[in-house]
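Per numbering that gives the first Met the number 0, the sequence shown starts with residue 0, numbered consecutively. Take a look at the structure set out below.
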Amino acid sequence: MDTLLTTFDTALRTLFAKPHASQVCPTLPEQATALTEEEKRRSAGLMRVNHVGEVCAQALYTAQAFSTQNPALRAHFTRACVEETDHLAWTAQRLEELGSRPSLLNPLWYAGAFGLGLLAGRLGDSVSLGFVEETEIQVGAHLQSHLDSLPAGDHTSRAIVAQMRDDELRHAQDAQSAGAMELPTPVKELMRAAAKVMTTVAQRI
């Protein structure tokens, strides 16, 4: 019952409450950010996608913590979920600073990611960890592409994305160390295709 209540609480907080980070948002204080309106729109679209990714991360980790019967693994997923809350807060704050908003489809993204997390969890701990590892590897690559796409002068967004990339790759390594099973290539490709749809839609809506 406690796990169920925590699961509902996390969903409500992710979708409807203002997230609060436990760590200070990464910045480059010596680098002033001055953007044109077009650059602000471009940065906002990319940061909206990153915010959606963090909404999905909350859903995935929460669902996997709910699914596992292993207390140590549940603690692993719960700890990762808390760390991802920093990313959620940072991207939400940056969107506000850019005069933009999160995706209007966040409840849909959350529900879809939660369903995937439940499915992965039901297939066993090694599969669930393998899903985390592959997800975080793909997210790390995606964030690197955003570093290449963000306006060169948007030092604030770039500092956030760089820290997120490093954290996601660490989560992938943590999952591997915890016993992740490598997923079959067709599954990895399906995950990439689904992520492509999500990022394309979320950048606009």
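The beta carbon of each residue, even a glycine, is placed where N, CA and C say it ideally should be. Given the structure is predicted, the values throughout are model-derived calculations rather than measurements.
If we ignore side chains and look at the alpha-carbon of each, how far apart do residue i and residue j end up?
i: residue 97; j: residue 39; result: 6 Å
i: residue 218; j: residue 78; result: For the chain, the structure presents residues 0 to 204; residue 218 sits outside this window and is missing.
i: residue 204; j: residue 70; result: 38 Å
i: residue 108; j: residue 202; result: 13 Å
i: residue 145; j: residue 125; result: 30 Å
i: residue 17; j: residue 86; result: 13 Å
i: residue 80; j: residue 72; result: 12 Å
i: residue 271; j: residue 117; result: Residue 271 lies beyond the stretch modelled for the chain, which goes from 0 to 204, so this question has no answer here.
i: residue 41; j: residue 192; result: 23 Å
i: residue 189; j: residue 122; result: 17 Å
i: residue 194; j: residue 187; result: 11 Å
i: residue 35; j: residue 199; result: 23 Å
Give every residue of the same chain whose Cβ lies closer than 6 Å to the Cβ of residue i, excluding the five residues on either side of it in the sequence, and list them in chain order.
i: residue 127; result: 63, 119 and 120
i: residue 160; result: 142, 145 and 146
Report the option in the options whose CA atom is closest to the CA atom of residue i.
i: residue 37; options: 151, 193 and 74; result: 151
i: residue 90; options: 200, 34, 164 and 68; result: 164
i: residue 74; options: 189, 187 and 173; result: 173
i: residue 177; options: 186, 68, 106 and 76; result: 76
By Cβ distance, which residues of its chain are closer than 7 Å to residue i, with the 5 residues on each side in sequence left out?
i: residue 83; result: 53, 56, 57 and 60
i: residue 175; result: 132
i: residue 92; result: 24
i: residue 209; result: The question about residue 209 has no answer here: the residues shown for the chain are numbered 0 through 204.
i: residue 197; result: 51 and 108
i: residue 26; result: 155 and 158
i: residue 115; result: 59
i: residue 148; result: 45
i: residue 162; result: 25
Kindly list the residues whose CB is nearer than 8 Å to the CB of residue i, restricted to its own chain and excluding five residues on each side of it in sequence; keep chain order.
i: residue 43; result: 94, 97, 98 and 99
i: residue 33; result: 152
i: residue 67; result: 73, 76, 120, 124 and 127
i: residue 110; result: 58
Stretch-stretch touch, CB-based, cutoff 8 Å, three pairs: the region 130-145 with the region 176-184: Touching, yes.
Stretch pair the region 138-145 + the region 154-169: three plus CB contacts closer than 8 Å: Under the 8 Å Cβ criterion, the region 138-145 counts as touching the region 154-169, having at least three qualifying pairs.
Cβ contact (3+ pairs, closer than 8 Å) linking the region 48-60 and the region 99-119: Short answer: they touch.
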